[in-house]
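This report concerns only the one structure given below.
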Amino acid sequence: MPAPSASPTTTPAAALPADPSADGARSRFGPVALVISAGISVQFGAALAVMIMPRAGAAGVVTLRLAAAAIVLLLLCRPKVRGYTRSDWGTVAAFGVAMAGMNGLFYQAIDRIPLGPAVTLEVLGPLALSVVVSRRLVNFLWAGLALVGVALLSGHGGGGLGFGSLDPLGAAFALGAGAMWAAYIVFSARTGRRFPQADGLALAMAAAAVLSLPLGVYEAGSDLLVPSTLALGVGVAVLSSVLPYTLELLALRRMPAPTFAILMSLEPAIAATAGFLVLNQAMSALDALAIALVIAASMGAVRSQIRKHPA
15 MPAPSASPTT TPAAALPADP SADGARSRFG PVALVISAGI SVQFGAALAV MIMPRAGAAG
75 VVTLRLAAAA IVLLLLCRPK VRGYTRSDWG TVAAFGVAMA GMNGLFYQAI DRIPLGPAVT
135 LEVLGPLALS VVVSRRLVNF LWAGLALVGV ALLSGHGGGG LGFGSLDPLG AAFALGAGAM
195 WAAYIVFSAR TGRRFPQADG LALAMAAAAV LSLPLGVYEA GSDLLVPSTL ALGVGVAVLS
255 SVLPYTLELL ALRRMPAPTF AILMSLEPAI AATAGFLVLN QAMSALDALA IALVIAASMG
315 AVRSQIRKHP A
């Protein structure tokens, strides 16, 4: 079980900070920083994964990423396997299936369509989750605004390639990855509540690696064992799996799933910004407007959540 968060009502008066409302705001924006950091890490990991695709194929990259991440997490966490119920193990298994499906489908998508539209289509999964789960009208409005931004990015990002020119199978893989991403959000939150620290994440990552191994071996074979490919695979695992999944798991312990899902709409914006800063990819005015809409929707969702749970 996660450690209970501090509450001003249980703190002695002499120990209260000078501005308890500001301290409460910081405690609520902390998970937001975790989610944004996770998104940045994922984008750098995706850039590194591009170097491995020609060597190991999409399924091979997924196997390297998940297997290396599982080994790292198991060594770091050393999770215990006793004392859990059948329901606990079912949650971990579902989490592992969601991770394997999300990664496998996404890499199949970017093997067929550009990265920008693929990420944009994938984000529709978390956005749909936020609309279905939320019971507040304002969250429907913020999700709608984020969807407008996502639509603008899809039509004008990545060199002006819109959905109309996409390979249908690649687009279907991206949408499937979005559905699995929504499942990942749900089961990540449940796993975080049932297992201490990152133990559940390590166990679920191991399950995901086992599920992906046959496909990776079938596609890449002995190419998976080339030292340079293995080294790049470890880098991708750390940047795209170990670090972001851990940060997201910690964030979900202190953030409702609908708010987390809307924040995931930042992924296309982070990708576009990384392309501009790292790859010198110019952004049009419409691209900038799309990014601004997505960021505004995400920040609005967080602010509405803070008003719902005042300090």
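Mapping the sequence shown onto my numbering, position 299 (from 1) lands on 313, and the numbers just tick up by one.
Backbone N, C-alpha and C define an ideal beta-carbon position, used for all residues, glycine too.
**Request:** Counting only the same chain and skipping the five closest in sequence on each side, list residues whose C-beta sits under 6 Å from that of Leu1.
**Result:** Given a span of 15 to 325 for the chain in the structure shown, any question on residue 1 remains unanswerable.
**Prompt:** Counting along the chain, where does the alpha helix (DSSP H) carrying Arg126 start and finish?
**Reply:** The residue you call residue 126 lines up with position 112 of the sequence shown. In this chain, Arg126 is not harboured by any alpha helix (DSSP H), its DSSP state being neither H nor E.
**Message:** For Ala73, which residues in the same chain have their Cβ closer than 6 Å to its Cβ, ignoring the five residues on either side in sequence?
**Reply:** The count along the sequence shown starts at 1 and reaches residue 73 at position 59. Closer than 6 Å at Cβ, skipping near neighbours: Leu229, Gly230, Glu233.
**Asked** Among Asn117, Ala132, Gly118, which one has its Cα closest to the Cα of Ile124?
**Response** The residue you call residue 124 lines up with position 110 of the sequence shown. Ranked by Cα distance from Ile124, the options Asn117, Ala132, Gly118 are led by Ala132.
**Asked** Which residue's Cα is closest to the Cα of Arg204: Gly71, Arg268, Ala222?
**Response** Along the sequence shown, one-based indexing puts residue 204 at 190. The option with the nearest alpha carbon to Arg204 is Arg268.
**Prompt:** Ala311 by DSSP, collapsed to three states: which one?
**Reply:** Numbered from its first residue, the sequence shown carries residue 311 at position 297. Taken through DSSP and simplified to helix, strand or coil, Ala311 comes out as helix.
**Prompt:** Would you call Phe209 buried or exposed, if buried means 16 or more other Cβ atoms sit within 10 Å of its Cβ?
**Reply:** Here residue 209 is taken as the residue at index 195 of the sequence shown, counted from 1. Burial check for Phe209: the Cβ neighbour count within 10 Å reaches 16 or more, so the residue is buried.
**Asked** Taking 9 Å as the CB-CB cut-off, is Met219 touching chain C?
**Response** As a matter of chain content, chain C is missing from the structure shown, which is built from one protein chain.
**Item:** Among Ser101, Gly104, Gly44, Gly110, the one whose alpha carbon lies nearest that of Ala83
**Value:** In the sequence shown, residue 83 corresponds to position 69, counting from 1. Of the listed residues, the one whose Cα sits closest to Ala83 is Gly110.
**Request:** Measuring alpha carbon to alpha carbon, tell me which of Ile54, Ala223, Leu217, Leu141 ends up nearest Asp102.
**Result:** As a working note, residue 102 is residue 88 in the sequence shown. Ranking the options by Cα distance to Asp102, first place goes to Leu217.
**Message:** Taking 9 Å as the threshold (C-beta atoms), are Val49 and Glu262 in contact?
**Reply:** Position 248 of the sequence shown, counted from the start, is the residue given in the question as residue 262. Position 35 of the sequence shown, counted from the start, is the residue given in the question as residue 49. For the pair Glu262 and Val49, the CB atoms are nearer than the 9 Å cut-off.
**Assigned exposure category for Pro45 - 16 Cβ within 10 Å defines buried** = For the purposes of this step, residue 45 is taken as the residue at position 31 of the sequence shown. Around the CB of Pro45, 16 or more other CB atoms lie within 10 Å, so the residue is classed as buried.
**Prompt:** If you draw a straight line from the alpha carbon of Gly206 to that of Ala108, how long is it in whole angstroms?
**Reply:** Along the sequence shown, read from residue 1 onward, the residue named residue 206 stands at position 192. Along the sequence shown, read from residue 1 onward, the residue named residue 108 stands at position 94. If you draw a straight line from the Cα of Gly206 to the Cα of Ala108, it is about 13 Å long.
**Asked** Residues in its own chain within less than 8 Å of Gly249 by CB, not counting five upstream and five downstream?
**Response** One-based indexing of the sequence shown puts residue 249 at position 235. Spatial neighbours of Gly249 in its own chain (CB-CB distance under 8 Å, excluding positions within 5 residues in sequence) are listed in chain order as Gly59, Leu62.
**Coil, strand or helix - Leu69 by DSSP** = Here residue 69 refers to the residue found at position 55 of the sequence shown. According to the sequence shown, residue 69 is Arg rather than Leu. Three-state result, Arg69: helix.
**Prompt:** On the three-pair Cβ rule with 8 Å, is the region 135–145 touching the region 181–189?
**Reply:** The answer is yes - the region 181–189 touches the region 135–145, with three or more Cβ pairs under 8 Å.
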